[in-house]
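Protein sequences, first through last, are from chains A and B.
Just so you know, the first sequence maps onto residues 1 to 325 in our numbering.
Just so you know, the second sequence maps onto residues 1001 to 1325 in our numbering.
Glycine included, C-beta positions come from ideal geometry on N, C-alpha and C.
Protein chains: 2
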Amino acid sequence: MKLLIDNLQYANWSEPIFQQMNEGGVHAVHVTIAYHESFREMVLNLEAFNRWFERLPHLIFKGTTAADVLKAQKEGRTAIFFGFQNPSPIEDDIGLVEICHQLGIRFMQLTYNNQSLLATGCYEDDDTGLTRMGKQVVHEMNRVGMVVDMSHSADRSTLEAIDHSTRPIAITHANPHWWQAALRNKKHEVLKALTDAGGMLGFSVYPHHLKDGTHCTLDSFCQMVAEAADRYGAQNLGIGTDLCQDQPDSIVEWMRVGRWSKTIDYGEGSASDAGFPPMPNWFQDNRDFGNIRAGLLTAGLSDGQVDGIMGENWHRFYQTSFEPA
Amino acid sequence: MKLLIDNLQYANWSEPIFQQMNEGGVHAVHVTIAYHESFREMVLNLEAFNRWFERLPHLIFKGTTAADVLKAQKEGRTAIFFGFQNPSPIEDDIGLVEICHQLGIRFMQLTYNNQSLLATGCYEDDDTGLTRMGKQVVHEMNRVGMVVDMSHSADRSTLEAIDHSTRPIAITHANPHWWQAALRNKKHEVLKALTDAGGMLGFSVYPHHLKDGTHCTLDSFCQMVAEAADRYGAQNLGIGTDLCQDQPDSIVEWMRVGRWSKTIDYGEGSASDAGFPPMPNWFQDNRDFGNIRAGLLTAGLSDGQVDGIMGENWHRFYQTSFEPA
């Protein structure tokens, strides 16, 4: 039976949202559990999710293995996998990589827009690639089974992560730069190197990553996916919507500046368009994945390719990524 | 085949000590991973053990389930289970109980000698029993599968923990007060209530808990165990040596005062006898459990009773204690 995986969401979690996952038949969601948090702050976020798991076991449970996706499918629930968009929770302590893996973290971005202790973010002027600690941490992530995610990283850093990692890495939520020339979207050479090494690209539906933003058509999005399948192989593609459902605009401001700046940085937005942009009409929430599936078929992808992109490819990637090397 | 479990050690860990566990055929050891540490400091201790597990997989591995004891026996290794002697690592945050369980913690003392946020320690003048938070935390420990350990707690607190807990609790390392009237040893009524409720007592070999201290004879120790078997049922008894091998005396001072006092408190010691007391000649390290086994048989306990006390009883207790309720 067909699997459905969304490999990136950061909603303002609520029972109605988990209910929508259930109605939409979403078997697994990779949830961002930290943006700028310290280790202890991230643990508070895990505790909050433990309360959700305790309260709503009929809807969701904590996912840590690929088998949990099949379990979710069988039981009509959604497996929630955790990841960091920033390495801030491991602080300056490589031992926290394994500790975080033991707590269920399965993805970690090496940077979130800015320079981190590990690599360079996509908003920095100069990209110096993986740092000394970055190389050590990639090695440790490979060892314990935590996926390197370079969604918000700069090009050289991303290429070096692909090269340095002994296991395939991921760009969980971004689109090709050749379709929409956003700073956060990825250049062809980066996507080629990523997928040639067995890595995965998750397509984002966040309007700042879309051609024509909120007004992007489903047809345009799906034609882009079809073109990416031609260039990179459909088996290396999946979905990572970057859905930030029900979040107040204060959250996107916090995503952008955390505690690192005293003045606002608008990131992908602008002073006149500072908040969350409205999502396209064909993807409002977890009940709308059927639109994407139908659109991909219309765009000429085969049934097998579409099944892969909608979930089976991430599931196969999970199978080889989450266990110790 | 016979199981061998020591349900409390806090050694100055080294490869030779783990090698001695191997030579002694010790299948599982409950290791103290925190005395006075905050959550973050305790995680650093877990990280240090992760390095031991990575370096010495032929000798030790992290134990989290009763099945790991059998795995250790089968593979000729030792499963290391973790516990806290103090609830300091959960700070004032009940959500950390589940987080710590996810990190592999399987025992937690509600107090270490002093009043804690949860209960009263055995060195306080007044014992007010379980606190408001203490009752909530016992309930949460019952839910997630973390054993309440009252080794260093005062009588009323211990009796209330036995009563309040819906699962059997443990006194991992202490002896009967009727054998040696040490403050840390447990009164008959406490041991009766503990074992009547299915709880476990682990006999300590720490000299301050022994009749005649370092000079305690194996015969006296084993006669005491035999008497305890008569009083409480052999099936509720095990070993928890409290072995603090190779520790410098600065450690026992730290155990006693942590950061809570500016002046030294000698605890079970005295100004003239401030350091670690020498262990009795019949129990120096992990290779000496055979002496205890032989002594228990000489004291008249049956083969089955001795097998239980040396490991099977703790193993059975692990089977019903470490999983979520």
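Taken in chain order, the members of the stretch 1081-1114 of chain B whose beta-carbon sits within less than 8 Å of a beta-carbon on chain A are 1093, 1095, 1096, 1098, 1099, 1102, 1103 and 1104.
For residue 1231 of chain B, not one C-beta of chain A is nearer than 7 Å to its own C-beta.
Residue 1168 of chain B and residue 1149 of chain B have their C-alpha atoms some 10 Å from each other. Sequence-distant Cβ neighbours of residue 173 of chain A in its own chain, meaning closer than 6 Å and more than five residues away, are 8, 151, 202, 204, 240 and 242. Cβ-Cβ separation between residue 56 of chain A and residue 18 of chain A: approximately 6 Å, consistent with a contact (criterion under 8 Å). The CB of residue 1047 of chain B comes closer than 8 Å to the CB of 93, 95, 96, 98 and 99 in chain A, given here in chain order.
Minimum Cα-Cα distance from residue 1270 of chain B among the listed residues B:1256, B:1287 and B:1221 corresponds to B:1256. For residue 26 of chain A, same chain residues with a beta-carbon under 8 Å away, outside a window of 5 residues either side, are 4, 5, 6, 78, 286 and 289 in chain order.
Counting every other CB atom within 10 Å of its CB across the protein chains shown gives residue 1030 of chain B a total of 16 or more, marking it as buried. The bridge partners DSSP lists for residue 1186 of chain B are B:1176. DSSP places residue 7 of chain A inside the beta strand (DSSP E), whose first and last residues are 5-9.
Contact between residue 313 of chain A and residue 238 of chain A holds, with the beta-carbon distance rounding to 5 Å and staying under 8 Å. For residue 223 of chain A, no beta strand (DSSP E) run applies; the uninterrupted alpha helix (DSSP H) run containing it begins and ends at 218-232, by DSSP.
Taking 7 Å as the upper bound on Cβ-Cβ separation, chain A lies near residues 1043, 1046, 1047 and 1050 of the stretch 1043-1075 of chain B. Scanning its chain for C-beta atoms nearer than 7 Å, with the 5 sequence neighbours on each side dropped, one finds around residue 1144 of chain B the residues 1097, 1098, 1101 and 1324, in chain order. In this structure, residue 114 of chain A and residue 260 of chain A form a Cβ contact; the two beta carbons are roughly 6 Å apart against a cut-off of 8 Å.
Among the residues of the stretch 1024-1040 of chain B, those with a Cβ less than 8 Å away from any Cβ of chain A are 1039 and 1040, in the order of the chain. Of the candidates B:1130, B:1181 and B:1176, the residue whose Cα lies closest to the Cα of residue 1156 of chain B is B:1130.
Taking all protein chains in view, the Cβ of residue 1307 of chain B is crowded by 16 or more other Cβ atoms within 10 Å, so the residue is classified as buried. With respect to the C-alpha of residue 1033 of chain B, the residue from B:1253, B:1244 and B:1266 having the closest C-alpha is B:1244. Around residue 104 of chain A, the same chain offers 62, 64 and 82 as residues with beta carbons nearer than 7 Å, after the five sequence neighbours per side are excluded.
Looking at the backbone, the Cα of residue 226 of chain A and that of residue 232 of chain A are separated by about 10 Å. Taking the Cα of residue 92 of chain A as reference, the smallest distance to any Cα among A:72, A:116 and A:109 is reached at A:116.
If you draw a 10 Å sphere on the C-beta of residue 1209 of chain B, you find 16 or more other C-beta atoms in it, and that means buried. Straight-line measurement puts the Cα of residue 118 of chain A at about 7 Å from the Cα of residue 135 of chain A. With 16 or more other Cβ atoms inside 10 Å of its own Cβ, residue 1158 of chain B counts as buried. Each of A:165, A:215, A:194 and A:211 was checked against the Cα of residue 171 of chain A, and the nearest Cα belongs to A:194. Inclusion of residue 1224 of chain B and residue 1282 of chain B in the CB contact set at 7 Å is not warranted, their separation being larger than that value.
Taking C-beta atoms as the reference points, residue 107 of chain A and residue 147 of chain A count as a pair closer than 7 Å.
Of all alpha-carbon atoms in B:1214, B:1190 and B:1186, the one lying nearest the alpha-carbon of residue 1163 of chain B is that of B:1190. Sequence-distant partners of residue 1317 of chain B (beyond 5 residues in either direction) whose C-beta falls short of 6 Å from its own C-beta, in its chain, are 1200. With respect to residue 280 of chain A, residue 216 of chain A sits close: the two C-beta atoms are nearer than 7 Å. Distance from the CA atom of residue 262 of chain A to the CA atom of residue 253 of chain A, rounded to whole angstroms, is 12 Å.
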